[in-house]
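Only one structure is covered here, and it is reproduced in the block below.
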Amino acid sequence: MDGTVWLRLSPLHWRHDHRKYESERTGVYDTSDGPEQMNLAYFRSLAARFFRRSQTENELEEELRAHIQLRADDLERSGLGRRDAERRARIEFGGQERFKEECREAVAGNFLDILMQDLRFSFRTLARQPVFAVVAIVTLAIGIGMTTAMLSIVQDVLIRPLPYVNSERLYAIYARSDSAGQPRIAASGPDYLDYREQNKSFVRIAEYLPRFTFTWTGEGEPKLVNCTAGSEDFFATMGIRPYLGRLYEPREYSYFKNDTMVVSYRFWKTRLGGDPHVIGREIRLQDESVTIIGVLPPMSDLFPDTDVWPKLTTRPSWPFMQWRANKFLRVVGELRPGVTPTMAEEDLTAILRRAPDEPRDVRVQLIPLKEDLVGDLRRPLLATLGGVALILVVASINVAALLLARAVKRQPEMALRLSLGAGRGRIARQLITEATLLSSAGCGLGLLLAWSALRLLPQLSSLSLPRLNEVHLNMPALTATIVIASATTLLFGWLPAIGFSRLRLSSALRSRGSETGERRKLSLPALVVAEIACSVVLTVSVGLLVHSFWRVMHVDPGFQAHSLFRVYLRSESPPNDPEGLRAYNEKALPFWQNLITETVSLPGVRSAAISDWKPGRDSATATLLVEGLPYDEAHLPTVEGSWVSANFFHTVGAQLITGRLFTDHDKSDAPAVAIINTQAARQFWPGQNPIGKRIGVNYTGPGRRTSGATPRLREIVGIVGTIKHGPLDAPTAPAVYMPYLQDETSHVMSAMNLLVRTEDSAMGLADNVRNRIHALRPDQPVQEIQSVQELEAQSVAPRRYTLLLFGTFAITDLVLAAVGVYGVISYVTAQRTREFGVRIALGATRGRVISEVLRGGVRLTAIGSLIGLVGAFVMTRSVSALLFEISPLDPVSYFAAVALLGLLSVCACLVPAWRASRVDPIIAMQSE
């Protein structure tokens with residue numbers, strides 16, 4: 010028999026095979042079946058495989074029997090008996106299963122059968138080792154989930170463009186002056202007008218003023234609403250169109266009165282009930298009736314807390330808008346096509362330097378609007394992403410070590426399969442299928458973890474992260490997850506497969522070990538060393554952040570935060586004309602004086618004061634004119650300025666260094682006085698006594714009417730300890746305090762903080778204070794009542810949030826590292842069972858065996874720690890911007906990280922060491 014087998018798997022197969030046979034016999038070939046017929050045959054065969062499998066198998070069995078019977082008939086005709094002929098035919102035909110397998114491989118869709126077979130076998134194999142499967146899947150899920158979530162945050166916060174027309178050409182415009190120590194200076198009204206009228210680089214330029222409030226009345230209890238005012242070209246520059254109604258018309262910018270108003274989508278939905286007929290509705294803002302003319306579309310990227318958008322105009326009758334030194338406006342511009350940011354900076358710098366009284370080194374800097382809105386979050390987010398990447402590396406190393414250890418145990422099994430005829434490619438395919446199952450399960454669980462984390466993040470986070478509410482599992486993150494899963498599949502599948510491809514059957518079948526197994530045993534410690542090195546890098550980074558946070562929380566703020574709370578009170582804006590302002594202040598002054606008196610009279614209140622100082626937030630700035638020093642308006646020193654009541658320092662618990670504090674006699678008709686802090690004394694009068702010196706305070710910002718004119722001189726009557734005006738981790742600055750009764754601005758009487766010192770709990774009397782406020786002024790909004798300790802905590806919330814994230818990463822990383830050390834040491838110890846049995850039989854003590862195992866773990870930890878310290882030396886510079894008063898090479902953090910990892914490694918080695926010490930020598934040698 011020539012060994013040729015013609016199969017009748019379907020009529021089409023039979024017809025094709027018969028034609029082939031006849032063509033070869035006669036030499037005449039039939040070309041009637043072209044590629045289309047061949048494709049049709051393939052798909053029919055594929056359909057028969059999946060929808061008529063049993064019929065196909067029966068036909069295959071029948072075909073094989075037919076060939077054997079035909080051969081038996083031939084042999085019977087040659088003289089053999091029927092039984093001998095059938096026996097001879099079966100012997101000549103050979104193993105039927107081999108021919109069946111060859112036939113199945115020739116039929117369409119065979120690869121799917123093999124894949125399903127591999128999947129079923131992989132499921133059964135992993136089900137027999139549930140602990141291994143669960144550990145591997147959960148480890149991968151943690152690494153992939155954290156990485157996917159962090160990639161989604163980075164993509165949506167840092168990379169995704171703003172949803173505005175030509176957003177890539179929108180830039181925030183600032184000035185900077187190194188000589189003045191101001192890296193980012195806003196613009197004044199004249200600066201904006203000069204930019205708009207003289208520039209050659211922008212399609213349009215607009216100004217806006219964010220983060221101020223209006224009082225909303227007539228809808229129950231008075232409330233404060235957040236405002237952002239924009240100039241005439243603001244909405245056009247941003248490419249914003251109304252969701253409902255219309256925007257302001259050019260004629261409406263010719264007058265300042267807010268008789269019409271555009272509201273935000275959030276305000277419309279939450280405060281106005283999403284009324285579709287809201288256009289034309291009247292509401293009362295600042296005790297005036299305004300008509301809603303438009304609703305903006307959802308814009309979480311652009312000042313998400315803004316409720317209403319009043320118009321902003323550089324009205325000539327408002328002097329503070331005309332003072333060039335009054336730099337409080339934000340400017341944004343859309344670059345012309347073909348103009349680079351550098352060209353635009355040079356253009357605007359030339360314009361700014363033509364203005365009078367600007368520092369000689371002043372220059373304009375353009376910042377992409379997206380970066381300006383997001384804030385200084387690039388470094389923290391990228392550093393966090395780096396920490397997550399380290400966790401993914403550690404998780405991958407962990408699973409790789411588990412699979413390598415498992416591969417060594419399966420070495421005799423694979424050798425037996427190879428000896429029985431299995432191809433090395435077939436075994437490699439089986440191993441890759443198992444790895445694919447693990448990676449797919451880990452990827453799926455990781456995506457679930459990432460989705461859950463992103464949904465919980467806005468609720469759990471105390472950090473006001475821009476665009477956070479829009480963060481979701483996006484396509485780039487999903488693509489990265491698929492790439493990560495594919496990479497882990499290749500890593501976990503090919504490493505054992507490569508090892509088995511070099512397997513020597515003779516040595517593998519003769520003993521439990523082989524050269525390949527020994528190589529893998531050597532590679533396992535290398536993986537543990539790499540894992541520990543990554544853990545050291547992340548743990549050192551967390552140690553630096555913990556040390557920084559400890560220093561921040563032990564900063565002396567210069568006041569006593571316990572039993573102190575603050576109430577922010579803001580009323581309608583004062584008129585700008587002098588007569589109207591005087592009448593406004595005369596009406597407002599009794600309210601503040603009576604408020605202090607009424608608050609102090611409450612049971613449990615020790616003292617009360619008012620001030621525009623808000624703990625944990627930067628105060629308004631002022632320029633300082635020092636009598637006796639040359640006057641240069643372009644280089645006046647900048648200080649923090651606050652207006653306070655007489656008992657302010659007593660209420661907050663500040664220390665008087667020398668001189669006196671304010672009294673109730675320091676009124677507007679009394680000599681002008683001021684108190685400075687110790688830093689101002691050291692900076693402006695080094696080695697001198699500032700008491701009796703005179704200074705002029707030019708209080709800058711919106712509504713400050715002293716700017717633009719030479720301020721009156723004030724006598725310094727006291728020096729107090731430095732009080733923190735900004736966050737606890739912000740550098741201290743020189744500060745000047747002035748009596749609020751000598752107010753020289755148009756804003757103090759309209760917005761102040763009531764500070765209350767209580768006997769016990771800070772917030773225990775909040776409701777009583779609220780009632781007294783409403784008794785004095787029924788229409789007064791009271792929305793912000795916070796303890797000063799809470800304000801302090803909020804001031805370091807970004808640092809705490811970063812520490813929490815990194816701490817979570819570090820704990821996860823340490824757990825993974827401990828599991829990795831435990832797994833590898835346990836495996837290596839199990840492989841040395843016979844050796845330990847022999848040692849114990851020869852007289853080794855259990856303590857000696859334990860120390861031997863521990864020594865191996867400590868050795869790996871030491872090598873990994875040394876490598877990790879080198880990596881930490883390089884990598885921790887990326888978190889240097891997050892540190893406070895410590896160096897990136899802080900020895901305490903490095904030592905603590907190494908000590909912690911060493912302790913965890915020893916603990917991870919204790920269980921394998923104890924097991925090794927309990928080995929029975931007889932059983933150990935018998936098992937070999």
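So the sequence shown is residues 10 to 937, counted in this note's numbering. Beta carbons: idealized from backbone N, C-alpha and C, even for Gly.
If you check the beta carbons only, do residue i and residue j fall under 8 Å apart?
i      : j      : result
SER131 : GLU443 : yes
GLY727 : ILE684 : yes
ARG703 : GLU724 : yes
ILE876 : VAL538 : yes
GLY395 : SER887 : yes
ALA195 : ARG339 : yes
THR672 : ALA618 : no
SER654 : SER620 : yes
ILE895 : ARG388 : no
ALA597 : MET758 : yes
ALA353 : SER176 : no
ARG575 : ASN762 : yes
GLY229 : ARG293 : no
SER557 : LEU785 : no
Could you check the C-alpha separation between residue i and residue j for me, to the nearest Å?
i       : j      : result
ALA462  : LEU456 : 10 Å
PHE244  : LEU305 : 10 Å
GLY453  : THR548 : 28 Å
ARG17   : ALA535 : Legend: pLDDT at ARG17 = 38, less than 50; position of this residue unreliable, no value from coordinates given.
GLY289  : LEU253 : 11 Å
ALA922  : VAL862 : 5 Å
GLN840  : LEU499 : 27 Å
ARG280  : GLN789 : 19 Å
LEU390  : VAL397 : 10 Å
ARG9    : LEU446 : Not covered by the structure: residue 9. The range shown for the chain is 10 to 937.
ALA409  : ALA145 : 9 Å
ARG848  : VAL805 : 58 Å
SER926  : ALA853 : 10 Å
GLU6    : GLY103 : For the chain, the structure presents residues 10 to 937; residue 6 sits outside this window and is missing.
VAL920  : GLN688 : 59 Å
ARG220  : MET247 : 18 Å
ILE491  : SER550 : 29 Å
GLU479  : LEU813 : 22 Å
ARG96   : ASN67  : 22 Å
ASN235  : SER914 : 54 Å
THR300  : SER796 : 37 Å
THR1015 : GLY696 : With the chain covering only 10 through 937, there is no way to say anything about residue 1015.
VAL341  : MET562 : 37 Å
SER448  : LEU458 : 15 Å
ASP929  : GLY846 : 6 Å
LYS676  : GLY198 : 33 Å
Kindly indicate which residue of the options has the alpha-carbon position closest to the one of residue i.
i      : options                        : result
ALA9   : SER770, VAL545, GLY567, THR148 : Beyond the ends of the chain as shown, which are 10 and 937, falls residue 9; an answer cannot be given.
GLY911 : SER896, ALA871, PRO897, VAL920 : ALA871
LEU256 : VAL272, LYS266, SER263         : VAL272
VAL867 : GLU70, TYR831, PRO251          : TYR831
TRP460 : ILE153, GLY650, TRP318, VAL614 : ILE153
ILE931 : GLY451, LEU851, GLY282, ASN762 : LEU851
ASN407 : VAL140, TYR903, LEU825         : LEU825
PHE693 : GLY662, VAL682, GLU540, PRO639 : PRO639
ALA392 : ARG369, GLU540, VAL546         : VAL546
Are there any heavy atoms of the ligand GDP lying less than 7 Å away from the beta-carbon of residue i, as far as the coordinates show?
i      : result
LEU135 : This structure does not include the ligand GDP; it has no bound ligands of any sort.
Cβ contact check for the segment 236 to 248 and the segment 207 to 226: 3 or more pairs under 8 Å: yes
The segment 812 to 827 / the segment 737 to 748 touching (three or more Cβ pairs under 8 Å): no
Cβ pair count under 8 Å reaching 3, the segment 153 to 173 against the segment 483 to 492: Taking 8 Å as the limit for Cβ pairs, the verdict is that the segment 483 to 492 does touch the segment 153 to 173.
3-residue-minimum beta strand (DSSP E) runs that sit fully inside the segment 217 to 294, ordered along the chain: 232 to 239, 269 to 272, 291 to 294
Whole beta strand (DSSP E) elements within the segment 594 to 672, 3-residue minimum: As far as the segment 594 to 672 is concerned, its whole beta strand (DSSP E) runs of at least 3 residues are 614 to 620, 630 to 635, 647 to 653, 665 to 668.
In chain order, each beta strand (DSSP E) run of at least 3 residues that lies wholly inside the segment 728 to 767: Segments of the beta strand (DSSP E) lying fully in the segment 728 to 767: 744 to 748, 760 to 767.
Ordered list of beta strand (DSSP E) runs contained in the segment 525 to 584, each at least 3 residues: Counting only runs of 3 or more, we get 573 to 579.
Three-pair Cβ contact test at 8 Å for the segment 178 to 193 versus the segment 366 to 380: Segments in contact, yes.
Sufficient close CB pairs (3 or more, under 8 Å) joining the segment 606 to 618 to the segment 626 to 634: no
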